[in-house]
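This report refers to the structure that appears directly beneath it.
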Ligand SMILES: Cc1ncc(COP(=O)(O)O)c(C=O)c1O
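Numbering (the working numbering), first residue to last: 5 to 390.
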């Protein structure tokens, strides 16, 4: 293929996409494969974006995010975390996904290693590899009560090529919420070894256990140190289609991130940002109701699936996924395929979330409770049949 990178020619959709492609157009399928609910965005958010359109917010704008939005983010951090952030540390260049890409563009050179706390959301691995880096998995310990990070596992994975550690808390797919103590310990290790932290906190509002928002590296990091806290509007306010996120980064990167935003997408869509601002300013009630709904769904999931002998299922502390291990003679992928074909439920196979998860299955529980109840019973039915 001449000049086209072999790496690019070899790219394949994640395991989530592989299963979804088999049943996306079937209206009978209950879709629990993607990370979103069936709620549309809150009306006051939609209205704010419509108003911005009518007011002519259709031009190029500051690529690091509109000034009113960045100011709104400063107020949001003050309100949610009680901290005053330096304006040079906050950028809203586009989607949360884009903040992951920009962060890795700041850090990863060819052959660098990035430690991924696994199981992880698969896009992070692709981003590192697109940039020529390598990923090293450090798997969370599973149980007996919760998922947890053994810092010695991280220490053992560090080499002279390690640049950064990626953690996602609350976690997709495990629901693990990193405690403040775990964050303090990881930060101390990374400081000692000169490593960056990439903390993906896009589920910061989606917590069932402990404080809300979830404990954040944003309250621990010094303004100049290489800690990147990535966040966004998608998961807290049912805004996955808006493609809007923000990042808190080292102060000295304000100008470089402006340039990186410029060459990635030249800034987030102008009027969309005003919807985001409305969510920050007026979105607490919606975010809380959404978490309450997910908490009810989580209770239902544990009731219907929690003590099934063919599942090892830890109750998730945050986000909105179950990530059970299947005690079955077939893999998570084969189970997901059969579930789709025989019971019309769409899930995501574990292998796509990193090595060691081949027997797992990810089930999103953000849909309406009645649809979920039906889906959980169908899952039980297949479990009973195998
Ligand atoms: C852990 C994690 N990080 C980042 C993203 C990307 O978020 P966004 O859709 O806001 O770009 C997702 C989306 O599923 C996610 O699960």
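Where is the CB? At the ideal position from N, CA and C, for every residue including glycine.
Euclidean distance between Cα positions of residue i and residue j
{"i": "residue 308", "j": "residue 381", "result": "7 Å"}
{"i": "residue 302", "j": "residue 204", "result": "22 Å"}
{"i": "residue 348", "j": "residue 340", "result": "10 Å"}
{"i": "residue 255", "j": "residue 232", "result": "11 Å"}
{"i": "residue 173", "j": "residue 180", "result": "7 Å"}
{"i": "residue 144", "j": "residue 123", "result": "7 Å"}
{"i": "residue 142", "j": "residue 107", "result": "20 Å"}
{"i": "residue 390", "j": "residue 113", "result": "47 Å"}
{"i": "residue 318", "j": "residue 147", "result": "7 Å"}
{"i": "residue 242", "j": "residue 280", "result": "11 Å"}
{"i": "residue 284", "j": "residue 80", "result": "6 Å"}
{"i": "residue 385", "j": "residue 196", "result": "51 Å"}
{"i": "residue 76", "j": "residue 154", "result": "36 Å"}
{"i": "residue 48", "j": "residue 131", "result": "34 Å"}
{"i": "residue 315", "j": "residue 31", "result": "28 Å"}
{"i": "residue 297", "j": "residue 374", "result": "11 Å"}
{"i": "residue 278", "j": "residue 55", "result": "9 Å"}
{"i": "residue 8", "j": "residue 50", "result": "41 Å"}
{"i": "residue 424", "j": "residue 15", "result": "Residue 424 falls outside the range modelled here, since the chain spans only 5 to 390, and no answer is possible."}
{"i": "residue 337", "j": "residue 18", "result": "12 Å"}
{"i": "residue 25", "j": "residue 342", "result": "14 Å"}
{"i": "residue 84", "j": "residue 228", "result": "22 Å"}
Run of the beta strand (DSSP E) containing residue i, from where it starts to where it stops
{"i": "residue 72", "result": "Note, residue 72: premise wrong, no beta strand (DSSP E); alpha helix (DSSP H) at 71 to 85."}
{"i": "residue 201", "result": "200 to 204"}
{"i": "residue 143", "result": "138 to 143"}
{"i": "residue 65", "result": "Note, residue 65: premise wrong, no beta strand (DSSP E); not H, not E."}
{"i": "residue 212", "result": "It is not in any beta strand (DSSP E) - residue 212 carries neither H nor E in the DSSP assignment."}
{"i": "residue 366", "result": "365 to 368"}
{"i": "residue 97", "result": "94 to 98"}
{"i": "residue 50", "result": "Per DSSP, residue 50 belongs to no beta strand (DSSP E); it is in the alpha helix (DSSP H), 47 to 58."}
{"i": "residue 13", "result": "It is not in any beta strand (DSSP E) - residue 13 instead sits in the alpha helix (DSSP H) that spans 10 to 13."}
{"i": "residue 36", "result": "No beta strand (DSSP E) holds residue 36; DSSP gives it neither H nor E."}
{"i": "residue 117", "result": "117 to 122"}
{"i": "residue 243", "result": "From DSSP, residue 243 is part of no beta strand (DSSP E); its letter is neither H nor E."}
{"i": "residue 2", "result": "Residue 2 lies beyond the range of the chain shown here (5 to 390); nothing can be said about it."}
{"i": "residue 233", "result": "231 to 236"}
Cβ-Cβ separation, residue j to residue i (assumed contact under 8 Å), whole Å
{"i": "residue 295", "j": "residue 176", "result": "Actually they are not in contact, since the Cβ atoms of residue 295 and residue 176 sit about 15 Å apart, beyond 8 Å."}
{"i": "residue 139", "j": "residue 150", "result": "That pair is no contact at about 24 Å."}
{"i": "residue 2", "j": "residue 61", "result": "The requested residue 2 is not part of the displayed model; the chain covers only 5 to 390."}
{"i": "residue 36", "j": "residue 379", "result": "6 Å"}
{"i": "residue 137", "j": "residue 118", "result": "6 Å"}
{"i": "residue 100", "j": "residue 238", "result": "6 Å"}
{"i": "residue 335", "j": "residue 362", "result": "5 Å"}
{"i": "residue 169", "j": "residue 190", "result": "7 Å"}
{"i": "residue 312", "j": "residue 387", "result": "6 Å"}
{"i": "residue 182", "j": "residue 126", "result": "Residue 182 to residue 126, Cβ: 20 Å. No contact."}
{"i": "residue 110", "j": "residue 217", "result": "No, residue 110 and residue 217 are not in contact; Cβ-Cβ is about 24 Å, not under 8 Å."}
{"i": "residue 320", "j": "residue 163", "result": "In fact, because the Cβ distance is near 32 Å, the residues do not count as touching under 8 Å."}
Short CB-CB distance (under 8 Å) between residue i and chain D
{"i": "residue 310", "result": "Structure shown: chain D not included; a single protein chain is present."}
Extent of the continuous alpha helix (DSSP H) run through residue i
{"i": "residue 172", "result": "Looking at the DSSP string, residue 172 is not in any alpha helix (DSSP H); the run it does join, the beta strand (DSSP E), is 166 to 172."}
{"i": "residue 19", "result": "19 to 27"}
{"i": "residue 308", "result": "288 to 309"}
{"i": "residue 193", "result": "184 to 197"}
{"i": "residue 265", "result": "258 to 268"}
{"i": "residue 336", "result": "336 to 342"}
{"i": "residue 222", "result": "Note, residue 222: premise wrong, no alpha helix (DSSP H); not H, not E."}
{"i": "residue 131", "result": "127 to 134"}
{"i": "residue 155", "result": "155 to 161"}
{"i": "residue 387", "result": "373 to 389"}
Residue j beta carbon less than 8 Å from that of residue i
{"i": "residue 350", "j": "residue 33", "result": "yes"}
{"i": "residue 230", "j": "residue 200", "result": "yes"}
{"i": "residue 91", "j": "residue 78", "result": "yes"}
{"i": "residue 234", "j": "residue 206", "result": "yes"}
{"i": "residue 282", "j": "residue 52", "result": "yes"}
{"i": "residue 223", "j": "residue 383", "result": "no"}
{"i": "residue 167", "j": "residue 193", "result": "no"}
{"i": "residue 352", "j": "residue 23", "result": "yes"}
{"i": "residue 214", "j": "residue 291", "result": "no"}
{"i": "residue 344", "j": "residue 21", "result": "no"}
{"i": "residue 391", "j": "residue 165", "result": "The requested residue 391 is not part of the displayed model; the chain covers only 5 to 390."}
{"i": "residue 287", "j": "residue 72", "result": "no"}
{"i": "residue 212", "j": "residue 187", "result": "no"}
Residue i beta carbon near ligand 3 (any heavy atom closer than 7 Å)
{"i": "residue 84", "result": "What this structure holds is ligand 1, not ligand 3."}
Does the contact criterion of 3 or more C-beta pairs under 8 Å hold for the stretch 96 to 105 versus the stretch 249 to 266? yes
Is there contact between the stretch 251 to 271 and the stretch 66 to 80, where contact requires at least three CB pairs shorter than 8 Å? yes
Hey, is the stretch 354 to 374 in contact with the stretch 320 to 337, meaning 3+ C-beta pairs nearer than 8 Å? yes
Between the stretch 327 to 338 and the stretch 352 to 366, are three or more C-beta pairs nearer than 8 Å? yes
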